[in-house]
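Asker:
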Amino acid sequence: MFALGVAPRRVAALGIVGRRSGRLIWFPIVLTEVDGERYVVSMLGPNVNWVRNLAAAHGRAVLRHGRREDVRLTEVEPAHRPPILRRYVQIAPGARPHIPVGRDAPLTDWQRIAADYPVFRITR
Numbered sequence: 566m567f568a569l570g571v572a573p574r575r576v577a578a579l580g581i582v583g584r585r586s587g588r589l590i591w592f593p594i595v596l597t598e599v600d601g602e603r604y605v606v607s608m609l610g611p612n613v614n615w616v617r618n619l620a621a622a623h624g625r626a627v628l629r630h631g632r633r634e635d636v637r638l639t640e641v642e643p644a645h646r647p648p649i650l651r652r653y654v655q656i657a658p659g660a661r662p663h664i665p666v667g668r669d670a671p672l673t674d675w676q677r678i679a680a681d682y683p684v685f686r687i688t689r
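Using the working numbering, the letters of the sequence shown correspond one by one to residues 566 to 689.
Laid out in structure tokens, this is it:
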């Protein structure tokens with residue numbers, strides 16, 4: 566479904582230049598919107614290839630969500646992550662086994678794990 570362009574509304578593709586290959590690498594993401602801003606969350610923590618590739622690319626990426634747009638992803642400080650992480654888990658069921666906080670838990674519970682899950686704000 567994703568390759569045909571009929572993915573759910575919140576699903577998009579993020580392309581980041583590989584730090585070793587130099588090629589654009591695409592992978593599916595769940596767009597999380599909070600207070601009118603768009604975010605991407607690394608449900609597997611900071612030590613995954615796409616996060617490392619993003620750092621090597623200085624935050625530059627390509628977002629494909631109906632149309633292709635060049636974007637910059639900026640890491641959100643842990644103190645500001647709890648409402649974004651909670652919203653992400655509410656809309657991304659596949660993330661629930663990877664993030665050890667209930668989807669409706671109070672923000673204080675999210676604060677305890679916020680530093681373990683990188684969150685990036687999407688801007689143009």
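Every residue gets a Cβ at the ideal spot worked out from N, C-alpha and C, and that includes glycine. Predicted model, so just to flag it, every value in this text is computed and none were measured.
Cα-Cα, which of 637, 666, 685, 686 is closest to residue 678?
Answerer: Among 637, 666, 685, 686, the Cα nearest to that of residue 678 belongs to 666.
Asker: Tell me which same chain residues have a C-beta within less than 8 Å of the C-beta of residue 670, skipping the five on either side of it?
Answerer: The answer, listed in chain order, is 651.
Asker: In the structure shown, what three-state DSSP assignment does residue 654 receive?
Answerer: It is helical.
Asker: Kindly indicate which three-state DSSP category residue 635 falls into: helix, strand or coil?
Answerer: It is a strand residue.
Asker: Between the alpha carbons of residue 635 and residue 606, how many angstroms are there, rounded?
Answerer: Between residue 635 and residue 606, the C-alpha separation is close to 18 Å.
Asker: Is it buried or exposed, residue 611, if we count other Cβ atoms within 10 angstroms and call 16 or more buried?
Answerer: So residue 611 ends up on the exposed side.
Asker: Whole angstroms is fine: what's the gap from residue 689's alpha carbon to residue 662's?
Answerer: Rounded to whole angstroms, residue 689 to residue 662 spans 31 Å at the Cα level.
Asker: Under 8 Å Cβ to Cβ from residue 660, same chain only, skipping five residues before and after it: list those, please.
Answerer: 595, 606, 608, 653, 654.
Asker: Can you give the Cα-Cα distance for residue 589 and residue 641, rounded to whole angstroms?
Answerer: Near 24 Å, if we compare the C-alpha coordinates of residue 641 and residue 589.
Asker: Going by CA-CA distance only, name the one from 645, 614, 647 that's closest to residue 583.
Answerer: Checked all of 645, 614, 647; the closest Cα to residue 583 is 614.
Asker: Are the CB atoms of residue 619 and residue 581 within a distance shorter than 8 Å?
Answerer: Contact flag set, yes.
Asker: Quick one: Cα of residue 647 to Cα of residue 576, how far?
Answerer: Using only the alpha carbons, I get a separation of about 21 Å.
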